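In what follows, a structure is listed as structure tokens, so that the remarks can point back to it.
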Amino acid sequence: MNNQEIKPQSEFSSRVIDDAKEKIISVQNLTKKFGDFAAVDAISFDVYKGEIFGFLGANGAGKTTAMKMLIGISIPTAGEAQVAGFDVLTNAEMVKKNIGYMSQKFSLYDDLTVKENIVFFGGIYGLSRAEIKIKTAALVKELQIEAIINNLVGSLPLGWKQKLSFSVALLHEPKIVFLDEPTGGVDPITRRQFWEMIYTQAYKGTTIFVTTHYMDEAEYCDRVSIMVAGKIEALDTPKNLKKQFNVETMNDVFLKLARNIE
Amino acid sequence: MKRFIGFIKKEFYHIFRDKRSLFILFGMPIAQILLFGFAITNEINNVDIAVLDHSKDFETQKIINKLKSSPYFSIENQLDSEKEIESEFKKGKVKAVLIFEPNFSQNLVNKKAATIQTVTDATEPNVANTIANYTSAVVQNYQSQKNSSSGSPASVEVQSRMFYNPELKSVFNFVPGVMTVILMLVSAMMTSISITREKELGTMEILLVSPLKPFQVIIGKVFPYVFLSIINAVVILLLGYFVFKMPINGSLFLLLFESILFIISALSLGILISTISDSQQTAMMLSLMGLMLPVIILSGFIFPINSMPVPMQVISNIIPAKWFIIIVKAIMLKGVGIQYIWKETLVLIGMTLFFIALSIKKYKIRLE
Numbered sequence: 001m002n003n004q005e006i007k008p009q010s011e012f013s014s015r016v017i018d019d020a021k022e023k024i025i026s027v028q029n030l031t032k033k034f035g036d037f038a039a040v041d042a043i044s045f046d047v048y049k050g051e052i053f054g055f056l057g058a059n060g061a062g063k064t065t066a067m068k069m070l071i072g073i074s075i076p077t078a079g080e081a082q083v084a085g086f087d088v089l090t091n092a093e094m095v096k097k098n099i100g101y102m103s104q105k106f107s108l109y110d111d112l113t114v115k116e117n118i119v120f121f122g123g124i125y126g127l128s129r130a131e132i133k134i135k136t137a138a139l140v141k142e143l144q145i146e147a148i149i150n151n152l153v154g155s156l157p158l159g160w161k162q163k164l165s166f167s168v169a170l171l172h173e174p175k176i177v178f179l180d181e182p183t184g185g186v187d188p189i190t191r192r193q194f195w196e197m198i199y200t201q202a203y204k205g206t207t208i209f210v211t212t213h214y215m216d217e218a219e220y221c222d223r224v225s226i227m228v229a230g231k232i233e234a235l236d237t238p239k240n241l242k243k244q245f246n247v248e249t250m251n252d253v254f255l256k257l258a259r260n261i262e
Numbered sequence: 001m002k003r004f005i006g007f008i009k010k011e012f013y014h015i016f017r018d019k020r021s022l023f024i025l026f027g028m029p030i031a032q033i034l035l036f037g038f039a040i041t042n043e044i045n046n047v048d049i050a051v052l053d054h055s056k057d058f059e060t061q062k063i064i065n066k067l068k069s070s071p072y073f074s075i076e077n078q079l080d081s082e083k084e085i086e087s088e089f090k091k092g093k094v095k096a097v098l099i100f101e102p103n104f105s106q107n108l109v110n111k112k113a114a115t116i117q118t119v120t121d122a123t124e125p126n127v128a129n130t131i132a133n134y135t136s137a138v139v140q141n142y143q144s145q146k147n148s149s150s151g152s153p154a155s156v157e158v159q160s161r162m163f164y165n166p167e168l169k170s171v172f173n174f175v176p177g178v179m180t181v182i183l184m185l186v187s188a189m190m191t192s193i194s195i196t197r198e199k200e201l202g203t204m205e206i207l208l209v210s211p212l213k214p215f216q217v218i219i220g221k222v223f224p225y226v227f228l229s230i231i232n233a234v235v236i237l238l239l240g241y242f243v244f245k246m247p248i249n250g251s252l253f254l255l256l257f258e259s260i261l262f263i264i265s266a267l268s269l270g271i272l273i274s275t276i277s278d279s280q281q282t283a284m285m286l287s288l289m290g291l292m293l294p295v296i297i298l299s300g301f302i303f304p305i306n307s308m309p310v311p312m313q314v315i316s317n318i319i320p321a322k323w324f325i326i327i328v329k330a331i332m333l334k335g336v337g338i339q340y341i342w343k344e345t346l347v348l349i350g351m352t353l354f355f356i357a358l359s360i361k362k363y364k365i366r367l368e
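In structure tokens form, the structure reads like this:
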């Protein structure tokens, strides 16, 4: 659709990692079972510093469960994972300090103003009052939200909430930011603007781990993994994946994969 | 600490910006205490009764005057025959009719016995019962006065004295009861709703991903309600003291301590409820059905525990409110110190610890 309008993906491929190749997320045989059912079935992969890593899969494929284990709110049944250099099982506290998280619900408090939300979330990440002040000023300038800084978040349109909660997730300058279907329910233009924000952040060196089921968005990622029924069935750059499956779009890659499994 | 203050501040924003929770927090306690205190009462005042006097003599007139002068009754009219009784009841104003037998005075002197029949409109059984009791009390009072003045017939008389609540004011029962209900409601329901709201909106997830520890999140959520509940307890006590003249004979300090203990037990119940419900509505229903009903029915607030069937009496023991009501009444009315209520206090402490332990355990499970 509009992926041509976005900065071509190749431009970023060169930005990525190739010299450093420093692992920032490392996952080995990570498994989560609910009873007999393995929602996540022994997945292994690495994510490199500074890359935009797309974590794809249909609804129910297990991507949210896998992500929850990586951000320390779900305990793995088996396997290991290191995030930002810390083990998620034994050192979840340090993991949490080094990551940002934005859920699919753009979870800011509707009954707090923009400013109060920033102050609150800055506060729970241990930012000092002075730091919060500087951050707020920078955000106001960057997002041009001078006029709405004292409005309740509930009164803002969805696109604004999304941008704000992304910015709030970045307040404490995390090494990695996890985005769980960040563009659900917003219009294509806002989605595009949002991906521009993601690129800007990636340029600054932040690693982006993003789940989505919009296949056009997969094209914007440096590398994507595709989960089907709890397993990672493919993992490569969008370009290589399309070549490997001999198709034109990521959507077709996904369809081929899903059909093969069935 | 700074994080904690920020968290509390945010929690107060939630409370003060939500008209519904403000109303439940501050409107309801006051409305309930006034309602229970003034409207819902077992006492009768100025009830309209009628008299059917077949003898119309000196004695009956004296008894009628006695009834007239009491604050409980006003004599609406004099009837002439039994037939009129039902039509009076059907009109609805007159609630009871007193029938004096013919030759009342003569019978009293000659047979040493005369009868007054009370016919009451029992469509409202409680009121009817109370009226019957009150009329016989008035008559007996007259009789005993008469006996003591004339001194002739030696009759045995039972004199009862009501300790701690000589006028049997029902408000003395309702103030501790309402306080218990309100504290339970505010503490348990409001906390469980406010925690499940975060779950519902997805903000709980964000909080759990943050460096805040789960117990910090819970304490942050619960603390404002401890504070507000204490204010509520004080407001209710002030209303009881100044508006309804309910005495506080015991130590105010002890009373507040026991109240805080009860508040904490209710809060931990609220946390427990929030761990097993996913939506605010579930939390609300669970609080109402699981907590409010037992508190109202089984705590002894409205229905005396002694007159319940034995299984219900046994069940009532696991209701923290039961113990709290016993404690509050003992402190306020009997003015006792901790040496008389340490057992109840221990039970309450035990329950509180149990609920806290259980909710912590449940909360961890929820984090998987």
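Chains as they are written, first to last, in full-length UniProt numbering: chain A, 1 to 262; chain B, 1 to 368. The beta carbon of each residue, even a glycine, is placed where N, CA and C say it ideally should be. Owing to the predicted nature of the structure, the values given are computational and were not obtained by experimental measurement.
Closer than 9 Å to chain A by CB, residue i
i                      : result
B:K221                 : no
B:T203                 : yes
B:P211                 : yes
residue 397 of chain B : Limits of chain B in this structure are 1 at one end and 368 at the other, which puts residue 397 of chain B out of reach.
B:K9                   : yes
B:L208                 : yes
B:Y363                 : no
B:Y72                  : no
B:G6                   : yes
B:Y13                  : yes
Residue nearest to residue i in terms of C-alpha spacing, selected from the options
i      : options                        : result
A:L179 : A:H172, A:V119, A:G54, A:L235  : A:G54
A:E219 : A:K239, A:E181, A:G100         : A:K239
B:K343 : B:I264, B:E258, B:I315         : B:E258
B:L239 : B:L35, B:F4, B:I5, B:F23       : B:L35
B:S279 : B:I315, B:I230, B:L201         : B:L201
B:V97  : B:T191, B:V47, B:S265, B:D57   : B:V47
A:T249 : A:D216, A:L257, A:D187, A:A234 : A:D216
A:D41  : A:I52, A:I24, A:K49, A:M69     : A:M69
A:L89  : A:G50, A:I75, A:K141           : A:I75
A:Q104 : B:L252, B:Q117, B:E205         : B:E205
A:G50  : A:D111, A:Q28, A:R223, A:T211  : A:R223
B:L358 : B:T345, B:Q281, B:T275, B:F324 : B:T275
Continuous alpha helix (DSSP H) stretch holding residue i: start and end
i      : result
A:T212 : A:T212 -> not in any alpha helix (DSSP H); beta strand (DSSP E) instead, spanning 207 to 212.
A:T249 : It is not in any alpha helix (DSSP H) - A:T249 carries neither H nor E in the DSSP assignment.
B:M28  : 28 to 34
B:F23  : Where B:F23 is concerned, there is no enclosing alpha helix (DSSP H), given that its DSSP letter is neither H nor E.
B:V47  : Note, B:V47: premise wrong, no alpha helix (DSSP H); beta strand (DSSP E) at 47 to 53.
B:T203 : 203 to 209
Min CB distance residue i to chain B below 9 Å
i                      : result
A:V114                 : no
A:Q104                 : yes
A:I118                 : no
A:L108                 : yes
residue 317 of chain A : Nothing about residue 317 of chain A can be read from this structure; chain A reaches only from 1 to 262.
A:D111                 : yes
A:Y101                 : yes
A:G123                 : yes
Span of the beta strand (DSSP E) around residue i
i      : result
A:Y101 : 99 to 102
B:V243 : B:V243 -> no beta strand (DSSP E), and no H or E assigned at all.
B:L79  : 73 to 79
Exposure of residue i, with buried meaning 16 or more beta-carbon neighbours within 10 Å
i                      : result
B:A137                 : exposed
B:R197                 : buried
A:Y203                 : exposed
A:K96                  : buried
B:T120                 : buried
B:T60                  : buried
A:R259                 : exposed
B:F89                  : buried
B:S155                 : For B:S155, the predicted model reports a pLDDT of 48, less than 50, meaning its position is unreliable and no value from the coordinates is stated.
residue 371 of chain B : In the structure as shown, chain B starts at 1 and stops at 368, and residue 371 of chain B therefore has no counterpart that could be examined.
A:R129                 : exposed
Any non-hydrogen atom of the ligand NAD within 8 Å of residue i CB
i      : result
B:Y340 : The ligand content of the structure shown is nil, which means the ligand NAD is not present either.
Any C-beta of chain B within less than 7 Å: which residues of the stretch 82 to 99 of chain A qualify?
E93, K96, K97
Using a Cβ-Cβ cut-off of less than 8 Å, list which residues of the stretch 125 to 151 of chain A approach chain B; keep chain order.
Y125, G126
Residues of the stretch 256 to 283 of chain B whose Cβ lies closer than 7 Å to any Cβ of chain A, in chain order
none
So if I threshold CB-CB distances at 8 Å, which residues from the stretch 17 to 44 of chain B count as touching chain A?
R17, D18
Counting only Cβ-Cβ distances shorter than 9 Å, please list the residues of the stretch 119 to 150 of chain B near chain A, keeping chain order.
none
Return the residues of the stretch 27 to 58 of chain A that lie within a Cβ-Cβ distance of less than 7 Å from chain B, sorted by chain order.
none
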